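Trainee:
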Amino acid sequence: MGFMTYNKKNNLLGWLLFLLAATVYLSTAERYFSFWDCGEYISSAVKLEVTHSPGASLFQLFGAFFSIFSFENGKLYSLIINAMSGIFSAFTILFLFWTITSLVKNYLLSQKTTNKTITKTEEILVFGSGLIGALTFTFSDSFWFSAVEGEVYSMASLFTAILLWLICKWENRAEDAYSYKWILLISFVIGLSIGVHLMVLLAVPAVCFIYYSKKYELTLKSFLIANGITLGVLIFVFKIIFPLIMTFFGKTEIFFVNEIGLPFNGGTLIAGILIFTFFFFSLRFTHQKKYGFLNLVVLSLMFMLIGFSSWLMIPIRANANPPMNLNNPDNAIGLLDYYNREQYGEWPTIYGANYTAYTDPDGIEGVDKKGFIYEKSEEKGKYIPVSQRLDYKFSKNHIGFFPRMFSPDPSNIKNYKAIAGATESYVKTDPDTGEETKIYKKPTFFQNFYFFINYQINYMYTRYFLWNFAGKQNDLEGNLEITKGNWESGISFLDEVKDKTFYPDKYTNKGTNHYYFLPLMLGLFGFFFHLNRDFKKFYAILSLFLLTGVGIILYTSVKPFEPRERDYSVVSSFYAFSIWVGIGMVAIFSILKVKMPPELKIPITSSISRELAWVAGQIKH
12 MGFMTYNKKN NLLGWLLFLL AATVYLSTAE RYFSFWDCGE YISSAVKLEV THSPGASLFQ
72 LFGAFFSIFS FENGKLYSLI INAMSGIFSA FTILFLFWTI TSLVKNYLLS QKTTNKTITK
132 TEEILVFGSG LIGALTFTFS DSFWFSAVEG EVYSMASLFT AILLWLICKW ENRAEDAYSY
192 KWILLISFVI GLSIGVHLMV LLAVPAVCFI YYSKKYELTL KSFLIANGIT LGVLIFVFKI
252 IFPLIMTFFG KTEIFFVNEI GLPFNGGTLI AGILIFTFFF FSLRFTHQKK YGFLNLVVLS
312 LMFMLIGFSS WLMIPIRANA NPPMNLNNPD NAIGLLDYYN REQYGEWPTI YGANYTAYTD
372 PDGIEGVDKK GFIYEKSEEK GKYIPVSQRL DYKFSKNHIG FFPRMFSPDP SNIKNYKAIA
432 GATESYVKTD PDTGEETKIY KKPTFFQNFY FFINYQINYM YTRYFLWNFA GKQNDLEGNL
492 EITKGNWESG ISFLDEVKDK TFYPDKYTNK GTNHYYFLPL MLGLFGFFFH LNRDFKKFYA
552 ILSLFLLTGV GIILYTSVKP FEPRERDYSV VSSFYAFSIW VGIGMVAIFS ILKVKMPPEL
612 KIPITSSISR ELAWVAGQIK H
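Quick note: the sequence shown uses our numbering, first residue 12, plus one each step.
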């Protein structure tokens, strides 16, 4: 490969990794479908039906395309959609490799004051880092599992990978005259990602911080401002722009249909015209006045909404009334409720009620009215209010800070008590009937915090994390019992089950993997090396790692015990750590560079790379 340029080698190795990953995932794809949401998503993709909120319009559109290649009168639909996930996952590995090589190459160049070119030795290090990080993630337990079944998480991982790769491409071309095109493409991909899964938006802060690392010097002031702006951008994208647009469409629809007398969807058409007019005049104004940054902001918003337009498939198909038409979001009003997942209700994150509010007859003091729910009346030719959105008003006796233990399901009480300890109780007597009821006091802050650390973080995140970078005991669903679904490194004195003498064979199966902490140690080398040598980029990857890991656990407030393992929901966090696994090779090389004579550095580094690649890539059983 000596005759090839760096870029050609980078591209070739990336595509070879893609072929390897695609071969593995397609050869291990689920033949039919798993017994959870996969059946729903496969059916809805093939026939373009409406799934449970908040939908997955882009996933379904791709699924409908892939299903064209099914034969045997549709008998291969499941296999085809599962294979589609495998292809998406292979592309994720491709973009992960390119992201790692970009980060490592830019770091190595940043250490030079003159002759900023990559040497042959550094080339080996760059590509070795990319291969190690990408292969580790390729064969990681959670990602591989998502890669072989027809669910949205493989495609969500792909969009996360694309966003990170795109901002790295912008970074390498930031000084070019037309570098803003990469920002517009990022905005378009963000809009598209709404048609896959909202979790992709958690990659937005990483994009912002890499932009900051390129444009600004690291000072306390600039760092704090960057964090504030990034938080604002995330809130704007996640909670404002798309709900605001749909609220505008919904209210315009109601006004023009109910008050003006236009036919159904007339108000929606007018709202679309108004938005088009806004962008037209905004772009013309900012262009004429040469407000370059404002022009870029308006263009970015427009490209987000163009990407978001894939969501139009949902009301279009709902109006066709397919067999699966959950929530029937056939108009702008219903679509907002569909996006906001109104059917699931709300749960507290920072402040609110504990589960004890539902066990106390006086725990719910009333309701708050949040607005009308409208339905289309063909007879009257308008939308009529049929009910109101209601939220419970809980007694102050059951409201507190950091309510991790919240559930309207009384059956969860025993689980909360088993994990965090029983709360105090007292007997309440009904003055009319004399009936006595045992009332539980709200859990203390420390009980909630203990549940958060011990169950939500330790059991529902750290356990999954170690599955992928230390090893896995078996594929039995975990229930806090030491022989089911725990992490297991293969180093006996460190594992929870140390004495295997009375360990039944049924607890060792094809899900048993032992990595002996090697990927974890390499990732930790990369973590601390990145922290010390390139803090701004480290902080960008850290934001992705934390938001898609602990952030998701914090926001969803996982309850005990879930119907199935939830590691698929935090797989983007493992993606971020795999970047550090790749950077770990740079850390090792830096140590060898200082401690060893020159003639031994490259052979030893290459040897370590090969061995770690074997460990990361071995296929158990």
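Positions of the beta carbon are idealized from the N, C-alpha and C atoms, including for glycine.
Since this is a predicted model, take the numbers as computed values, not measurements.
In angstroms with no decimal places, state the Cα-to-Cα distance between I327 and I256.
Mentor: Translated into positions along the sequence shown, residue 327 becomes position 316. Translated into positions along the sequence shown, residue 256 becomes position 245. Answer to the nearest angstrom: the Cα atoms are 18 Å apart.
Trainee: Going along the chain, which residues of its own chain have a beta-carbon closer than 7 Å to the beta-carbon of Q354, five neighbours each way excluded?
Mentor: Counted from its first residue, the sequence shown places residue 354 at position 343. Cβ neighbours of Q354 beyond the five flanking positions: S64, N338.
Trainee: Is the distance from the Cβ of A587 to the Cβ of F556 below 8 Å?
Mentor: To locate residue 587, count along the sequence shown from 1; it is residue 576. To locate residue 556, count along the sequence shown from 1; it is residue 545. Against a cut-off of 8 Å, the Cβ pair of F556 and A587 comes out as a contact.
Trainee: Can you tell me where the alpha helix (DSSP H) holding T171 begins and where it ends?
Mentor: In the sequence shown, the residue the question calls residue 171 occupies position 160. Start and end: 164–183.
Trainee: Determine the closest residue to S589 out of F457, K517, L535, with distance taken between C-alpha atoms.
Mentor: Locating residue 589 in the sequence shown gives position 578, where the first residue counts as 1. Answer by Cα proximity: L535.
Trainee: Can you give me the C-alpha to C-alpha distance between T455 and G374, rounded to a whole angstrom?
Mentor: Walking along the sequence shown from the start, residue 455 turns up at place 444. Walking along the sequence shown from the start, residue 374 turns up at place 363. Near 16 Å, if we compare the C-alpha coordinates of G374 and T455.
Trainee: Whole angstroms is fine: what's the gap from T7's alpha carbon to L401's?
Mentor: Outside the displayed span of the chain (12 to 632) sits residue 7, for which this structure offers no information.
Trainee: Exposed or buried, which one is M416 when buried takes at least 16 other CB atoms within 10 Å?
Mentor: As a working mapping, residue 416 is identified with position 405 in the sequence shown. Classification for M416: buried.
Trainee: If we count Cβ pairs, one from each stretch, closer than 8 Å, do we get three or more for the stretch 200–207 versus the stretch 238–246?
Mentor: no
Trainee: Going by the DSSP bridge assignment, what does H525 pair with across the sheet?
Mentor: On the sequence shown, position 514 is the one that residue 525 refers to. Note: H525 sits in a beta bridge opposite G482.
Trainee: Taking one C-beta from the stretch 128–144 and one from the stretch 36–54 each time, how about it: are there three or more such pairs within less than 8 Å?
Mentor: no
Trainee: Is it right to say I450 is buried, meaning 16 or more other beta carbons lie within 10 angstroms of its own, or is it exposed?
Mentor: Residue 450 sits at position 439 when you count from the first residue of the sequence shown. That one is buried.
Trainee: Please say whether K393 and V268 have beta carbons closer to each other than 8 Å?
Mentor: In the sequence shown, residue 268 corresponds to position 257, counting from 1. In the sequence shown, residue 393 corresponds to position 382, counting from 1. Against a cut-off of 8 Å, the Cβ pair of K393 and V268 comes out as a contact.
Trainee: By the three-class DSSP mapping on this structure, what secondary structure does N339 have?
Mentor: As a first step, residue 339 must be located in the sequence shown, where it is residue number 328. Of the three classes helix, strand and coil, the one that applies to N339 here is coil, per DSSP.
Trainee: Quick check: the stretch 359–369 against the stretch 404–413, are there 3 or more CB pairs under 8 Å?
Mentor: yes
Trainee: By a C-beta neighbour count over all protein chains shown, 10 Å radius and 16 as the cutoff for buried, is G25 buried or exposed?
Mentor: Position 14 of the sequence shown holds residue 25. Residue environment analysis places G25 among the buried positions, since at least 16 neighbouring C-beta atoms fall within 10 angstroms of its C-beta.
Trainee: Please report the distance separating the alpha-carbon of G278 from that of F266.
Mentor: The residue labelled residue 278 in the question sits at position 267 within the sequence shown. The residue labelled residue 266 in the question sits at position 255 within the sequence shown. Each residue's Cα considered, the two are about 7 Å apart.
Trainee: For P530, which of helix, strand or coil comes out of DSSP?
Mentor: In the sequence shown, the residue the question calls residue 530 occupies position 519. Helix.
Trainee: Have a look at the DSSP bridge pairing and note the partners of D379.
Mentor: Position 368 of the sequence shown, counted from the start, is the residue given in the question as residue 379. According to DSSP, D379 bridges with D402.
Trainee: Among W181, L195, V207, W176, which one has its Cα closest to the Cα of L69?
Mentor: Numbered from 1 along the sequence shown, position 58 holds the residue referred to as residue 69. Taking only the C-alpha atoms, the option nearest L69 is V207.
Trainee: Can the beta-carbon of I325 be found closer than 8 Å to that of L305?
Mentor: Indexing the sequence shown from 1 puts residue 325 at position 314. Indexing the sequence shown from 1 puts residue 305 at position 294. No, the pair does not count as a contact, with Cβ atoms beyond the cut-off.
Trainee: Quick check on the DSSP output: what are the complete alpha helix (DSSP H) runs of length 4 or more inside the stretch 436–466, in order along the chain?
Mentor: 456–462
Trainee: Look at the Cβ atom of S500, then the Cβ atom of Y470, and state whether they are nearer than 8 Å.
Mentor: On the sequence shown, position 489 is the one that residue 500 refers to. On the sequence shown, position 459 is the one that residue 470 refers to. No. Outside cutoff.
Trainee: Cutting at 7 Å between CB atoms, please list the residues of its own chain near V561, excluding the five before and the five after it.
Mentor: Within the sequence shown, numbered from 1, the residue matching residue 561 stands at position 550. Correct list, in chain order: I468, Y472.
Trainee: If you draw a straight line from the alpha carbon of V57 to that of N332, how long is it in whole angstroms?
Mentor: Working through the sequence shown from its first residue, we reach residue 57 at position 46. Working through the sequence shown from its first residue, we reach residue 332 at position 321. For V57 and N332, the distance between alpha carbons rounds to 15 Å.
Trainee: What would DSSP say about Y17, mapped onto helix, strand or coil?
Mentor: Residue mapping note: residue 17 aligns to position 6 of the sequence shown, counting from 1. Y17: helix per DSSP, three-state reduction.
Trainee: Quick check on E386: does DSSP put it in helix, strand or coil?
Mentor: Taking the first residue of the sequence shown as position 1, residue 386 is located at position 375. Residue state, collapsed to three classes: strand.
Trainee: What residue does the alpha helix (DSSP H) around I410 start on, and which one ends it?
Mentor: What you label residue 410 is simply residue 399 of the sequence shown in a count that begins at 1. Segment 410–412 is the beta strand (DSSP E) holding I410; no alpha helix (DSSP H) there.
Trainee: Rounding to the nearest angstrom, what Cα-Cα distance links K631 and Y227 in this structure?
Mentor: Along the sequence shown, read from residue 1 onward, the residue named residue 631 stands at position 620. Along the sequence shown, read from residue 1 onward, the residue named residue 227 stands at position 216. Note that K631 has pLDDT 43, beneath the 50 cutoff, so the model's placement of it is unreliable and the number below is only indicative. Here the C-alpha atom of K631 lies approximately 46 Å from the C-alpha atom of Y227.
Trainee: Is it right to say Q71 is buried, meaning 16 or more other beta carbons lie within 10 angstroms of its own, or is it exposed?
Mentor: In the sequence shown, the residue the question calls residue 71 occupies position 60. Looking at its Cβ environment, which holds 16 or more other Cβ atoms inside 10 Å, Q71 is buried.
Trainee: According to the neighbour-count rule (16 or more other Cβ atoms, all chains shown, within 10 Å of its Cβ), is T241 buried or exposed?
Mentor: Residue 241 sits at position 230 when you count from the first residue of the sequence shown. Buried is the call here.
Trainee: CB G97 to CB V159, shorter than 8 Å?
Mentor: Within the sequence shown, residue 97 is the residue found at index 86, counting from 1. Within the sequence shown, residue 159 is the residue found at index 148, counting from 1. Contact flag set, yes.
Trainee: Which complete alpha helix (DSSP H) runs does the stretch 196–281 hold, if anything under 4 residues is left out?
Mentor: 215–226, 231–246, 253–265
Trainee: Determine, using beta carbons only, whether N93 and G161 come nearer to each other than 8 Å.
Mentor: Position 82 of the sequence shown holds residue 93. Position 150 of the sequence shown holds residue 161. Yes, the Cβ-Cβ distance between N93 and G161 is below 8 Å.
Trainee: DSSP on Y394, reduced to helix/strand/coil?
Mentor: Within the sequence shown, numbered from 1, the residue matching residue 394 stands at position 383. Here Y394 sits in strand by DSSP.
Trainee: Work out the CA separation of D545 and L623 for me, nearest whole Å.
Mentor: The residue labelled residue 623 in the question sits at position 612 within the sequence shown. The residue labelled residue 545 in the question sits at position 534 within the sequence shown. Residue placement at L623 is flagged as unreliable, the pLDDT there being 47, under the threshold of 50; the coordinate-derived value follows with that caveat. When rounded, the distance between both Cα atoms is 24 Å.
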